[in-house]
Amino acid sequence: MKKSMFKKVVFVSMALASAYCAVVFIGGYGSDSGTATPSAQAAFSGNVFLNGILPDDNYYHTHGSTSPDGSKMLVTINKADKPYGKTTGVADLYLLDAEKLSQGRVVKLLGPVSIGSNKTTPKNVLFRSTWTADGSKIMLSGGDRFWVINAADLTPLNGVDGNPNLLAGSIGDWHHNHDALPTNDGKYVLLTLRTKPHTGEADVYKMDGEIKLYDVAANAVVGAGVSVCNGCHIKQLGSNKSAILCGLDGKIEKRANGTYAGTVYVAGHGGHVAKAEVIIDPSNKAKPIAMNLDRLTVSTKKFAGTG
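Structure, rendered in structure tokens:
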């Protein structure tokens, strides 16, 4: 769904007992919110498979995203307590040379920089990340929290433990941040959040997915989020289906009156992809996000790996 035309590099990995293995896919679109130009397109197009790129250690889950100009790639690696074990809440960040990576070579530009500490929990698992349009910051989703990363040195701008205060109103531990999409000026971020808003025996296991606004300068969420799952399910499917929200994409631009507008796509388990026209008014501290539900549609086309 990215509008840009340069390579995307995605790491997928699992902790192994004797070695760290990874698969790198190159080709397609990049994580730049539609800001890259065709000149950033690498000459290489295809797949690269890498194995044993790090010394043996206990790792679990790896993600990554490319810079807007396609020259660098952020790699996030969650640490585990043992091979095939549980995440510890601590993760390492690396910055790699994306062009060299397309040639099957791992050239480290920065890292490792560790985030998370003994104050974080195993529920802190790094997921998707998106660079700001100017390439200065990286918005990093982290399970039960969220980070803003300085792209120049990979240091967390909102603290080593990030911001864990994302989901006021969610019940118990039923919440997770899986993606983050910055506005074109990088001042605000849309977060995808898995929530548990329902009570009662009939709905005890039913979850919802919502998008919520995050103020980068204030290091805080702004007001209430907006459901992008249950509202659509009720409208189009006639019932309150449980939802597991994952990623989002789109382009949100600032307007002359100080508000932001654009089209957002969200994806969840089961292959559902929804589209919505979104207007953001940061001055509305209670309900900053307005969404045109008439434009929200569910696709029945199945997509693999929307987690």
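Once you know that position 104 of the sequence shown is 104 in the working numbering, the rest is easy, because the numbers rise by one and skip nothing. Think of the CB as a built atom: it goes at the ideal place given N, C-alpha and C, for glycine as much as any other residue.
| task | Could you tell me if Arg145 is buried or exposed, where buried requires 16 or more neighbouring beta carbons within 10 angstroms of its beta carbon? | result | Buried, by the Cβ-count rule.
| Tyr260 and Ile252 closer than 8 Å at C-beta | In contact: Tyr260 and Ile252 (Cβ atoms closer than 8 Å).
| request: Taking all protein chains shown into account, decide if Tyr84 is buried (16 or more other Cβ within 10 angstroms of its Cβ) or exposed. | output: Tyr84 sits exposed, since fewer than 16 C-beta atoms from the chains shown fall within 10 Å of its C-beta.
| Per-residue burial, Ser31 [other beta carbons within 10 Å of its own, 16 or more giving buried] | Its pLDDT being 41, under 50, Ser31 is placed unreliably in this model, and the value from its coordinates should be taken loosely. With 16 or more Cβ atoms within 10 Å of its Cβ, Ser31 is classed as buried.
| Coarse secondary structure for Lys100, derived from DSSP in three states | Note: Lys100 maps to helix in three-state DSSP.
| field | Minimum C-alpha distance to Asn184 - residue among Lys287, Gly258 and Gly89 | value | In terms of CA proximity to Asn184, Gly258 leads the group Lys287, Gly258 and Gly89.
| said: Using C-beta distances below 6 Å, list every residue in its chain close to Asp81, excluding the 5 sequence neighbours before and after it, in chain order. | reply: The answer, listed in chain order, is Thr88.
| request: Can you give me the Cβ contacts of Cys229 inside the same chain, cut-off strictly under 7 Å, excluding the 5 residues immediately before and after it? | output: If we look at Cys229 and ignore the five residues flanking it on each side, its Cβ neighbours are Asp208, Gly209, Ala243, Leu245 and Gly268.
| request: Drop a sphere of 10 angstroms on the beta-carbon of Arg128, count the other beta-carbons inside from all chains shown, and report buried for 16 or more, exposed for fewer. | output: Buried, by the Cβ-count rule.
| request: Write down the C-beta distance between His61 and Val160 rounded to the nearest angstrom, noting that I regard them as a contact closer than 8 Å. | output: Not confirmed; about 19 Å, so no contact.
| If you count every other CB in all the chains shown that lies within 10 Å of the CB of Gly225, and 16 or more means buried, which is it? | Counting Cβ neighbours within 10 Å, Gly225 comes out buried, since at least 16 surround it.
| Asp179 vs Leu248 beta-carbon contact at 8 Å | Cβ distance < 8 Å, so Asp179 and Leu248 count as in contact.
| task | Can you have a look at Ala152 and say buried or exposed, based on whether 16 or more other CB atoms are within 10 angstroms of its CB? | result | Residue environment for Ala152: exposed (fewer than 16 other C-beta atoms within 10 angstroms of its C-beta).
| Distance CB(Thr76)-CB(Leu157) smaller than 8 Å | No. Outside cutoff.
| query | Relative to the C-alpha of Lys108, which residue among Leu154, Ala91, Leu190 and His176 is closest? | reply | The residue with the shortest Cα to Cα distance from Lys108 is Leu154.
| request: For my contact list, Leu96 and Val106 are in at a C-beta cut-off of 8 Å; report their separation, rounded to the angstrom. | output: Contact between Leu96 and Val106 holds: their C-beta atoms lie close to 6 Å from each other, under 8 Å.
| task | Decide if Ser227 is buried, meaning its Cβ has at least 16 other Cβ atoms within 10 Å, or exposed. | result | Ser227 should be labelled buried.
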